[in-house]
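Notes follow once the structure below has been shown.
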Amino acid sequence: MAEKNDHFQSQIVQDFNKEIAKYHLGPLWHAIPELMNKTPKSQALPYLWKWETLHAKLMEAREIFTPDRGGERRAIYLQNPGLKNREPWGWASTTQTLYAAVQLILPGETAPSHRHTQSALRFITNGNGAYSIVQGERIYMEEGDFLITPKGLWHGHAHPGDEPMIWMDCLDIPTIYAIGGTFFENYPEKIEQPQVPDNFSSQRYAGGMVRPISDRYPKVAPLGSYKWGQTLSALEGLSKFEPDPFDGYAVEYINPSNGQTANPTIAAWMQKLPKGFHSKAHRHTSSTIYQVYKGSGYTVIDGVRFDWSQGDYFVVPNWAMHEHVASEDSYLFSVSDLPIMERFDVQREEALDTHQGHQEIVSEFKPLLP
Ligand code: GTQ
Numbered sequence: 001m002a003e004k005n006d007h008f009q010s011q012i013v014q015d016f017n018k019e020i021a022k023y024h025l026g027p028l029w030h031a032i033p034e035l036m037n038k039t040p041k042s043q044a045l046p047y048l049w050k051w052e053t054l055h056a057k058l059m060e061a062r063e064i065f066t067p068d069r070g071g072e073r074r075a076i077y078l079q080n081p082g083l084k085n086r087e088p089w090g091w092a093s094t095t096q097t098l099y100a101a102v103q104l105i106l107p108g109e110t111a112p113s114h115r116h117t118q119s120a121l122r123f124i125t126n127g128n129g130a131y132s133i134v135q136g137e138r139i140y141m142e143e144g145d146f147l148i149t150p151k152g153l154w155h156g157h158a159h160p161g162d163e164p165m166i167w168m169d170c171l172d173i174p175t176i177y178a179i180g181g182t183f184f185e186n187y188p189e190k191i192e193q194p195q196v197p198d199n200f201s202s203q204r205y206a207g208g209m210v211r212p213i214s215d216r217y218p219k220v221a222p223l224g225s226y227k228w229g230q231t232l233s234a235l236e237g238l239s240k241f242e243p244d245p246f247d248g249y250a251v252e253y254i255n256p257s258n259g260q261t262a263n264p265t266i267a268a269w270m271q272k273l274p275k276g277f278h279s280k281a282h283r284h285t286s287s288t289i290y291q292v293y294k295g296s297g298y299t300v301i302d303g304v305r306f307d308w309s310q311g312d313y314f315v316v317p318n319w320a321m322h323e324h325v326a327s328e329d330s331y332l333f334s335v336s337d338l339p340i341m342e343r344f345d346v347q348r349e350e351a352l353d354t355h356q357g358h359q360e361i362v363s364e365f366k367p368l369l370p
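Right under this line is the structure:
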C-alpha cells in the first residue's frame with residue numbers, strides 16, 4: 001500500500017496529471033477514490049431550516065417580489081450548504097436529486113401558467129382558498145392537502161380567498177438538469193381557463209380505494225390532489241397496530257390507477273410518530289427532505305441531534321444514519337428520490353446493529369434564526 005501511495009504522490013505522476021489537464025483529459029488513478037466510494041458519500045449535508053426563518057423571509061419577500069410584477073412564483077428554495085458551490089445547478093438543490101421551496105401567495109395574486117419537463121408536487125402547510133389550475137382543472141387547496149403537477153402539464157396558481165397561503169414545492173429540478181432534459185414553456189395567456197369541473201379528479205377518486213373503470217390504462221396520473229382528511233384516516237387506521245420500527249406509521253401517496261408512486265420520480269409520504277416514539281436507526285441510498293407538519297421532536301443524523309418543531313424542514317442525505325424521536329404526536333411530510341434509486345437499481349438499506357439500534361449523540365445542530 002505504501003508503495004502505491006508514494007507513487008501516486010510522486011513528481012512524475014503529478015506532472016503528468018497537470019500535463020494532460022491542458023488537453024481536457026483526466027487521470028483515473030487520481031479520481032477514482034472520489035468517484036467510486038465504497039458506499040454513497042453524499043455531497044448534500046444534513047441540514048435544518050427553522051420555520052421562523054422561512055416565514056420571516058417570505059414575509060420580507062411579500063413586497064419585494066410579486067408574481068404580477070415578476071411574472072413568476074414567490075418561492076424561496078432550500079439551498080443545501082453542501083451543494084452551494086456546485087455551479088451552475090447546485091445552487092438550486094436541496095439534495096443531489098431534489099429541489100424544495102416554500103411558496104407564498106397572497107389574496108388576489110396570480111402565478112402565471114407554465115409547463116416544464118420537471119415533475120412537481122405541493123404540500124399545503126398554511127392557509128386555504130387558493131387554487132392550482134393543472135391542465136384545465138382548478139384544484140382548491142386546503143391545509144394538509146398533497147397535490148401533484150405531473151411533468152408536461154400546464155399549471156398556474158391564483159388566490160381568490162382572503163388569507164395568505166404558504167405551501168411546500170418539491171421538484172426534480174437537479175435531476176432533470178443533470179441529465180440535460182429541461183424544457184420549459186409559458187402559457188400564451190396569464191392563466192389557463194377551466195376545462196373540467198372544479199376539483200374534478202378528487203371527486204372522481206372520492207372512494208380512495210377504487211378507480212373509475214375508464215382509468216384502467218391511464219396515460220397521466222388521474223388524481224391531482226389528495227385531501228388531508230383521507231390521509232389522516234389512513235394513518236388512524238394504521239395507528240391501531242404496531243408501528244414500523246424505523247418510520248412509525250407512514251403512508252405513501254400513490255397513483256390510485258396503477259399503485260405506483262404519485263409522481264414517477266419523487267416519492268411522498270406522510271408519517272405519524274406518536275408521542276414518545278423512538279425509532280431505530282437506519283440508513284439507505286435514497287435521500288429525504290422532511291417538512292414538520294405538526295408536532296415536535298428530534299432526529300439524530302450521523303450522530304448530530306436536529307431538534308424540530310412545526311413548520312421546520314430538514315434533510316437526511318444519502319446513506320446518513322438517522323432515527324426519529326417524537327416529543328408529542330407528530331406528523332412529518334417527506335419527499336425522497338427513492339423512485340430514482342429504484343429505477344437505477346441502487347437502493348440499499350442497512351439498520352444500525354449496535355447500541356440496540358440507537359446512535360450516540362455527539363453534537364447538536366445550531367439552526368440559523370432570523
Ligand atoms: O409553482 O409551478 O418552486 O414551476 C418551482 C417551479 C414552483 C410552480 C417552484 C415551479 C413552481
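Numbered per the UniProt record's numbering, the sequence shown spans residues 1 to 370.
Cβ coordinates follow ideal geometry from the N, Cα and C atoms, glycine included.
As the structure is a computational prediction, the values presented were derived from the model and not from experiment.
CB-CB under 7 Å to residue i, same chain, minus the five flanking residues each way: which ones, in chain order?
i	result
Asp215	Pro222, Ser257
Thr117	Lys151, Gly152, Ile176, Gly181, Thr182, Phe183
residue 373	Because the chain here runs from 1 to 370, residue 373 falls outside it and cannot be looked at.
Gly161	Pro107, Asn128, Gly129, Ala130
Asn80	Ala44, Leu45, Tyr47, Ser93, Thr94, Thr95, Val315
Gln359	Ala281, Val300, Gly303, Met321, Glu323, Leu352
In chain order, what residues of the same chain have a beta carbon less than 6 Å from the beta carbon of residue i, not counting five sequence neighbours either side?
i	result
Glu143	Ile124
Leu54	Val102
Ser225	Ile139, Asp145, Leu147, Ser202
Leu42	Checking the sequence shown, residue 42 turns out to be Ser, not Leu. Closer than 6 Å at the Cβ level, and outside the excluded window around Ser42, lie Pro317, Asn318.
Gly82	Gln43, Ala44, Leu45
Phe8	none
Asn255	Ala221, Ala262
Pro245	Lys280
Thr288	Val316, Ser334, Ser336
Roughly how many angstroms lie between the CA atoms of residue i and residue j, to the nearest whole one?
i	j	result
Leu45	Val315	8 Å
Phe277	Asp6	51 Å
residue 372	Glu189	Any property of residue 372 remains undetermined from this structure, which presents the chain solely from 1 to 370.
residue 382	Tyr217	Any answer about residue 382 is impossible in this case: the structure gives the chain only from 1 up to 370.
Val292	Val220	30 Å
Arg122	Pro197	21 Å
Asn17	His30	8 Å
Val335	Met270	9 Å
Ile20	Pro27	8 Å
Asp353	Leu368	33 Å
Ser93	Ile76	12 Å
Met1	Gln14	Low confidence applies here, because Met1 scores a pLDDT of 43, under 50, leaving its location unreliable and the question unanswered by this model.
Lys280	Ala320	13 Å
Glu34	Gln11	21 Å
Asn186	Glu192	11 Å
Met209	Leu235	15 Å
Pro67	Glu109	7 Å
Gln356	Asn199	48 Å
Lys165	Ala56	Before going on, a small fix: residue 165 reads as Met here, not Lys. Approximately 14 Å, taken between the alpha carbons.
Ile340	Met168	21 Å
Asp247	Pro174	26 Å
Gly237	Leu25	59 Å
Leu78	Tyr23	37 Å
Gly70	Leu58	15 Å
Run the CB neighbour count on residue i, radius 10 Å, all protein chains shown included, and call it buried at 16 or more, exposed below.
i	result
Glu242	exposed
Leu332	buried
Ile361	exposed
Glu60	exposed
Met36	exposed
Glu63	exposed
Asn322	Residue 322 is actually His in this sequence, not Asn. Buried, since its Cβ has 16 or more Cβ neighbours within 10 Å.
Pro370	exposed
Taking residue i as part of the beta strand (DSSP E), name the residues at either end of that continuous run.
i	result
Gln43	Premise fails: Gln43 is in no beta strand (DSSP E) and is neither H nor E.
Gln230	No beta strand (DSSP E) contains Gln230, which is instead part of the alpha helix (DSSP H) from 228-238.
Asp169	165-171
Ser132	131-134
Tyr313	313-316
Go through its chain and collect everything with a Cβ distance to residue i's Cβ below 8 Å, but skip five positions before and after it.
i	result
Ser119	Ile148, Thr149, Pro150, Lys151, Leu171, Asp172, Asn263, Pro264, Thr265, Ile266
Glu349	His282, Arg283, His284, Thr285
Ser239	Tyr249, Lys272, Pro274
Gln195	Gln135, Gly136, Glu137
Starting from residue i, trace the alpha helix (DSSP H) in both directions and tell me its first and last residue.
i	result
Phe344	First-last for Phe344: undefined, no H or E at that position.
Leu58	51-64
Gln11	11-21
Phe146	Here Phe146 belongs to no alpha helix (DSSP H); instead the beta strand (DSSP E) covers 146-149.
Leu35	28-35
Gly70	67-70
Arg204	200-204
How do the segment 110-124 and the segment 141-157 stand: do at least 3 beta-carbon pairs fall below 8 Å, yes or no? yes
Three-pair Cβ contact test at 8 Å for the segment 205-215 versus the segment 175-195: no
Contact the segment 258-265 vs the segment 320-327: 3+ CB pairs below 8 Å: no
Indicate whether the contact test is met: 3 or more Cβ pairs, each with one atom in the segment 304-313 and one in the segment 32-51, closer than 8 Å. yes
Residues surrounding the ligand MG [beta-carbon distance to nearest heavy atom under 5 Å]: Although the ligand MG was asked about, the structure shown includes only the ligand GTQ as ligands.
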